[in-house]
Amino acid sequence: MNYTYAVVQDNEIMQIMSTPFLYVECADDVSDITHFYNTDTASIELKYELQYTLTTDALEVTISGLPENLNVNTNNMHTMTDSEDLVIEYDIPGIYTIELSGRPEYLLTAIDIEVTEPGIEVPTAGEGGE
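For the sequence shown, my numbering assigns the number 127 to the initial residue and increments by one for each residue that follows.
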């Protein structure tokens, strides 16, 4: 599908262009980092914060409540979320960053998490989006 636009200056059509991209007028404060185009409402809206629950058990991190088809990157591991809880197992204790991205309606999210040897308790980060 192509869209056709007239480029206008002082009431005169300067050029006609055809493109597969939809151009949407927006406010000056709109950014691709903080906003997305909602096809259901045909409007530009603020991106949503991810809502999730995070738990740790020694070297294992479980994140529940994530939407499907998010890209997940952490410690040179790359995967995509599905309808199941996301379970990540680390090899050694440390502080790691889990990056969640890839869905235009959600803000890019980076979660810093500390995992420890079994038997050592570390307070969890809690719930996201607060």
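Yeah, the Cβ is synthetic: ideal placement off N, Cα and C, and Gly gets one too.
In this structure, the straight-line span from the alpha carbon of P219 to that of V213 is close to 16 angstroms. Annotated three-state conformation of V150 is coil, per DSSP. Here DSSP, grouped into helix, strand and coil, assigns Y178 to coil. Between the alpha carbons of L234 and T179 lies a distance of about 17 angstroms. Judged by DSSP in its simplified three-state form, D238 adopts strand. Approximately 7 angstroms separates the beta-carbon atoms of E225 and T200; this is inside 8 angstroms, confirming the contact.
If you draw a straight line from the Cα of T188 to the Cα of I159, it comes to about 27 angstroms.
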